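In our numbering, the protein residues as written are 138 to 309.
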C-alpha cells in the first residue's frame, strides 16, 4: 500500500518537476561533453520497471543547430538496470532509437564533424568526486545493444565529391 501511494504521489505531484530537471541536466551535460548545441524535447522516467524515454533529440552538426544536425531522433527508449547504478559501469539495456538521422561530414582536410572526447580539458577547481555527478555518470554508461527503427545515415566528403545515404535502416 505504501509503495502504491509513493508511486501515485510521484506520478501526480513530483514527476513533471523531476522530468524537467532531468531534461535540463541531460541537455546541459551533453552540450558540455559534445561542445555543441543540443536540444531535448522531454525526458520521462517510468516506474516500477525503470524505463527512460527521451523525445525530440537533436545534436548540432557543428556548433549550432541552425547549421544542421549531426544526430536527431524522434524518441530514444532505454531500460536502466538499477542493480548497476553502484557498479563501475551503468548498464543501459534495450535501447531503441526511433527515426534517427545521422549526418557525418568530412572537410577538405579529412576531419569529420563527429565530436571528440577528452583532449583539451578545462582547468577545474578540484572537488570531491561523486559517482553520481552528471559528467562522471556519462562516462560510466554502457550500451550493449542499440536498435534502430527507420533510420537514415548520410556521409559526405568535401574533398572528394562523395555523398552516400542509407535510408530506412532497421536493426535489431
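Positions of the beta carbon are idealized from the N, C-alpha and C atoms, including for glycine. Small disclaimer: the values here were computed from a predicted structure and weren't measured.
Going by the beta-carbon positions, is the gap between residue 237 and residue 171 smaller than 9 Å? Along the chain shown, one-based indexing puts residue 237 at 100. Along the chain shown, one-based indexing puts residue 171 at 34. Taking the C-beta atoms as reference points, residue 171 is found no nearer than 9 Å to residue 237.
Proximity of residue 239 and residue 213 at Cβ, strictly below 9 Å: On the chain shown, position 102 is the one that residue 239 refers to. On the chain shown, position 76 is the one that residue 213 refers to. Their beta carbons are not under 9 Å apart, which means residue 239 does not touch residue 213 by this criterion.
Report yes if the C-beta distance between residue 182 and residue 141 is below 9 Å; otherwise report no. Here the question's residue 182 lines up with position 45 in the chain shown. Here the question's residue 141 lines up with position 4 in the chain shown. No, they are not a contact pair.
Contacting residues, own chain, Cβ-Cβ under 6 Å from residue 296 (five flanking each side not counted): Within the chain shown, numbered from 1, the residue matching residue 296 stands at position 159. For residue 296, where only same-chain residues beyond five positions count, the Cβ hits under 6 Å are 245.
For residue 225, name the three-state secondary structure that DSSP assigns. The residue labelled residue 225 in the question sits at position 88 within the chain shown. In the structure shown, the three-state DSSP call for residue 225 is coil.
Assumed close pair residue 179, residue 192 - CB separation to whole angstroms, cut-off 8 Å: Here the question's residue 179 lines up with position 42 in the chain shown. Here the question's residue 192 lines up with position 55 in the chain shown. For a cut-off of 8 Å, the C-beta gap from residue 179 to residue 192 is around 5 Å, short enough to register as a contact.
How would you call residue 157, buried or exposed, if buried means at least 16 neighbouring beta carbons within 10 angstroms? Working through the chain shown from its first residue, we reach residue 157 at position 20. Counting Cβ neighbours within 10 Å, residue 157 comes out exposed, since fewer than 16 surround it.
Roughly how many angstroms separate the alpha carbons of residue 290 and residue 235, rounded to a whole number? Your numbering for residue 290 matches position 153 in the chain shown. Your numbering for residue 235 matches position 98 in the chain shown. The alpha-carbon separation between residue 290 and residue 235 amounts to approximately 13 Å.
As assigned by DSSP and simplified to three states, the class of residue 256: Position 119 of the chain shown holds residue 256. Its pLDDT being 47, under 50, residue 256 is placed unreliably by the model, and the measurement read from it follows with that caveat. Correct three-state label for residue 256: coil.
Inspect the beta-carbon positions of residue 288 and residue 299 and report whether they are closer than 9 Å. In the chain shown, counting from the first residue as 1, residue 288 sits at position 151. In the chain shown, counting from the first residue as 1, residue 299 sits at position 162. No, these two residues do not count as a Cβ contact at 9 Å.
Determine the burial state of residue 163: buried for a count of at least 16 other Cβ atoms within 10 Å of its Cβ, exposed for fewer. Translated into positions along the chain shown, residue 163 becomes position 26. A residue is called buried when at least 16 other Cβ atoms come within 10 angstroms of its Cβ; residue 163 meets this threshold and is buried.
Let me know the secondary structure DSSP gives residue 178 once reduced to three states. Stepping through the chain shown from its first residue, residue 178 is reached at position 41. It is a strand residue.
Since residue 202 and residue 242 are thought to touch, with beta carbons under 8 Å apart, how far apart are those beta carbons, to the nearest angstrom? As a working mapping, residue 202 is identified with position 65 in the chain shown. As a working mapping, residue 242 is identified with position 105 in the chain shown. The pair is not a contact, with the Cβ atoms about 15 Å apart (cut-off 8 Å).
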